[in-house]
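Worksheet for the structure shown next.
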Amino acid sequence: MRRILLFFLMSTMLLSGCQLTSTQVSPPKKLTVYAAASLTNAFDEIGKIFMAANPGVTVAFNFAGSQALRTQIEEGAKADVFASANMKEMDTLVSGNYVAVDDVSPFMTNQLIVIMPANNPAELTSLVDLSKPGVKIVLAAKEVPIGNYAQQVLDNLDSFLGAGYKEKVLANVVSYENDVKQVVAKVQLGEADAGIVYSSDAIAAPELKKIDIPVEHNVVAKYPLAPLLNSENPELAQAFIDFILSSQGQAILQNWGFLPLK
Amino acid sequence: MRVRRIVPDELTTTNRHSSWLFVLPGLLLLILLGLPLIALFIRAIGVDFLSYAISETALTALKLSLFTSLVSVSVSLLIGTPLAYVMARWEFPGKAALQILIDLPIVLPPSVAGLALLLAFGRNGVFGGALMSIGISLPFTTVAVIIAQTFVSAPLYVRSASIGFAAIDPQIEEAAHVEGANQWQLFSRVMFPLARRALASGAVITWTRALGEFGATIMFAGNLEGVSQTMPLAIYLGFERNLNVAIVLSVLLVMVSMLMMSLMRKLDGNKIY
Numbered sequence: 103m104r105r106i107l108l109f110f111l112m113s114t115m116l117l118s119g120c121q122l123t124s125t126q127v128s129p130p131k132k133l134t135v136y137a138a139a140s141l142t143n144a145f146d147e148i149g150k151i152f153m154a155a156n157p158g159v160t161v162a163f164n165f166a167g168s169q170a171l172r173t174q175i176e177e178g179a180k181a182d183v184f185a186s187a188n189m190k191e192m193d194t195l196v197s198g199n200y201v202a203v204d205d206v207s208p209f210m211t212n213q214l215i216v217i218m219p220a221n222n223p224a225e226l227t228s229l230v231d232l233s234k235p236g237v238k239i240v241l242a243a244k245e246v247p248i249g250n251y252a253q254q255v256l257d258n259l260d261s262f263l264g265a266g267y268k269e270k271v272l273a274n275v276v277s278y279e280n281d282v283k284q285v286v287a288k289v290q291l292g293e294a295d296a297g298i299v300y301s302s303d304a305i306a307a308p309e310l311k312k313i314d315i316p317v318e319h320n321v322v323a324k325y326p327l328a329p330l331l332n333s334e335n336p337e338l339a340q341a342f343i344d345f346i347l348s349s350q351g352q353a354i355l356q357n358w359g360f361l362p363l364k
Numbered sequence: 142m143r144v145r146r147i148v149p150d151e152l153t154t155t156n157r158h159s160s161w162l163f164v165l166p167g168l169l170l171l172i173l174l175g176l177p178l179i180a181l182f183i184r185a186i187g188v189d190f191l192s193y194a195i196s197e198t199a200l201t202a203l204k205l206s207l208f209t210s211l212v213s214v215s216v217s218l219l220i221g222t223p224l225a226y227v228m229a230r231w232e233f234p235g236k237a238a239l240q241i242l243i244d245l246p247i248v249l250p251p252s253v254a255g256l257a258l259l260l261a262f263g264r265n266g267v268f269g270g271a272l273m274s275i276g277i278s279l280p281f282t283t284v285a286v287i288i289a290q291t292f293v294s295a296p297l298y299v300r301s302a303s304i305g306f307a308a309i310d311p312q313i314e315e316a317a318h319v320e321g322a323n324q325w326q327l328f329s330r331v332m333f334p335l336a337r338r339a340l341a342s343g344a345v346i347t348w349t350r351a352l353g354e355f356g357a358t359i360m361f362a363g364n365l366e367g368v369s370q371t372m373p374l375a376i377y378l379g380f381e382r383n384l385n386v387a388i389v390l391s392v393l394l395v396m397v398s399m400l401m402m403s404l405m406r407k408l409d410g411n412k413i414y
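Read top to bottom, the protein sequences are chains A and B. Positions in the first sequence are counted from 1; adding 102 to them yields the numbering used here. Positions in the second sequence are counted from 1; adding 141 to them yields the numbering used here.
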């Protein structure tokens, strides 16, 4: 027993000694960014460049459906920056006092597109084909921003294509996924015949077949981002946001299929 | 079979001095295990329990969960009992490897199970083509939910049942042979009745596990109300839509699970603890 205690004491002393010397060098800073799943590829690239430009800084991302991230923040998750795929989740955080209303900056827009597996098993060639009986369609749940946007697009197309178009398409839905990347994955695996996702997702998965949605029936998804009020690194959070709003950050986002604000 | 337990009164004074070595770490673990459940119940207080519990989404999910988990546990009983019997009574080459294969889904992350099921039985899966040629497409169906539940929960049944079969005194088997019983008679008249408590307890834990299945289901069967949205999936999505729905459904699942665990303890005759 005594020997164990002695060992324990000695190891704690050794460990604390180590820590003393390491804290005297520059302390590493960690920036935690909660970002919409559709931002995965673009923000990964931005994060690498930001880290290279700021030695000693690590950027950690949590990519998920914006609605899931909003709930996690409300339940006490520690984040420095939140980037949402719609205004709604950001507004909820503003009214909950997690984000200051003046800190919110819209930074990009996105549009919607229909994707199919590379071999196009249902032989879809037009938006009308989505309403053919037996086509397996995967959407995101209505709570997910992309799921909500997809419903809006179907509403727009319904008044254009008519004859219960939206109802027929929704009857073909076999699953409502939790974020846009899950929709893309189900189509990539060839399990679904089609999915409605962001144009930027189609850029990130070039092997997939696509059907464009005409601008007049499409929706403009506006992406806002903001630092969180309880961030422990507010300067760093602001630096990251400034980088995204800079011409370099905007160029990276455009490379990944996002569209600049009008 | 009963092991005599040492009760605290019997501890000598010197022994009792170091009892904190067991009590303190044990308390820490109890706090970790108990606190989240207590928090769940505290948050549920004041929530209009009934109105959320009988909301359409909750009821549909509840019905689907009951149906799929009952079918899945029946399938486990039907095809798991023979396997458990073989594993407990027979010796054959490769038995150890087979045991690992049977036990693997117990420790496998459910997401791995879901991906594996998709790659095996999906449209473009290894066996998907053969299934498609006879007009069967499994992903995004209720059948896929049942397959996912059976995949992750049946091993628990096989494990419990084979322990039950293995515990039977070999002399009883010999006696049955002397009396001229064939394999089927031996199983149905002797072994099955003697192992019935272990089988029932295995069925209960298997059912509870099937009821709680989440990861494999969402990957292999997707998420559609009335088709594949079981209670755990409704909780996950409800978390983002309306936290109260998620809390009410969670409390329901916790209570059902507690009931099942106590039933299982009864069936086991408190042998394990």
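Just so it is clear, CB atoms sit at the ideal spot from N, CA and C, and this is done for glycine as well. Predicted model only: the values in this text are computed from it and were never measured.
- Near chain B, meaning a CB-to-CB distance below 9 Å, the residues of the segment 169 to 184 of chain A are Q169, A170, R172, T173, E176 and E177.
- In this structure V240/A is not in contact with D231/A, their Cβ atoms being roughly 15 Å apart against a cut-off of 8 Å.
- Spatial neighbours of V345/B in its own chain (CB-CB distance under 6 Å, excluding positions within 5 residues in sequence) are listed in chain order as M401, L404 and M405.
- Inter-residue distance for S210/B and W348/B is about 6 Å (C-alpha atoms, whole angstroms).
- Within the same chain, Cβ atoms closer than 6 Å to the Cβ of A306/A are found at N143, the five residues on either side in sequence being excluded.
- Counting only the Cα atoms, I315/A lies some 49 Å from I243/B.
- The C-beta distance from M399/B to V299/B rounds to 24 Å, too long to fall under 8 Å, and the pair is not in contact.
- When DSSP assignments are scanned along the segment 160 to 185 of chain B, the uninterrupted stretches of alpha helix (DSSP H) that are 4 or more residues long and fall wholly within it turn out to be 161 to 185.
- Among the residues of chain A, those whose CB is under 8 Å from the CB of N364/B are A243, S277, Y278, E279 and N280, following chain order.
- Burial check for L365/B: the Cβ neighbour count within 10 Å reaches 16 or more, so the residue is buried.
- DSSP links F262/A through a beta bridge to no other residue.
- Between the segment 299 to 319 of chain B and the segment 292 to 300 of chain A there are fewer than three C-beta pairs closer than 8 Å, too few to call the two in contact.
- Along the segment 193 to 223 of chain A, there is no position whose C-beta sits under 7 Å from a C-beta of chain B.
- Contacts between K238/A and chain B, judged by CB atoms closer than 9 Å, involve R264, S278, P280 and F281 in chain order.
- Looking at the DSSP output, F262/B bridges to nothing.
- Burial state of K268/A is buried, judged by a 10 Å Cβ sphere holding 16 or more other Cβ atoms.
- Put simply, the backbone Cα of Q253/A is about 38 Å away from that of M153/A.
- Using beta-carbon distances, G292/A counts as an interface residue toward chain B, with a partner under 7 Å.
- The contact set of S369/B on chain A, defined by CB atoms closer than 8 Å, consists of S277 in chain order.
- Contact check for L310/A against Y251/A fails: the beta carbons are separated by 7 Å or more.
- In this structure, S213/B lies near T291/B, with their beta-carbon atoms less than 7 Å apart.
- The alpha helix (DSSP H) runs lying completely inside the segment 308 to 373 of chain B and spanning 4 residues or more are 311 to 319, 337 to 353 and 356 to 361, given in chain order.
- Its Cα nearest to that of Q350/A, the residue I148/A stands out among K132/A, S186/A and I148/A.
- With a contact defined as Cβ atoms closer than 8 Å, S140/A and A181/A miss out at about 18 Å.
- Among the residues facing chain A, L378/B is included, as its CB has a counterpart in that chain under 7 Å away.
- Separation of S168/A and I175/A (C-alpha to C-alpha, rounded to the nearest whole angstrom) is 11 Å.
- With at least 16 other beta carbons inside 10 angstroms of its own, P329/A counts as buried.
- Uninterrupted beta strand (DSSP E) stretches at least 3 residues long and entirely within the segment 212 to 249 of chain A occur at 214 to 218 and 239 to 242, given in chain order.
- Rounded to the nearest whole angstrom, the CA to CA distance from L291/A to L178/B is 38 Å.
- By the Cβ rule, the segment 265 to 276 of chain B does not count as touching the segment 361 to 378 of chain B, because fewer than three pairs are nearer than 8 Å.
- Distance from the Cα of L226/A is smallest, within the candidate group V255/A, V271/A and E245/A, for V271/A.
- For the segment 340 to 357 of chain B, the set of residues with a beta-carbon nearer than 9 Å to any beta-carbon of chain A is empty.
- Annotation: Cβ neighbours of L259/B in chain A (cutoff 8 Å, chain order): L291 and E293.
- Minimum Cα-Cα distance from K407/B among the listed residues I247/B, R338/B and N323/B corresponds to R338/B.
- In this structure, DSSP gives T134/A an extended state, which the three-state scheme calls strand.
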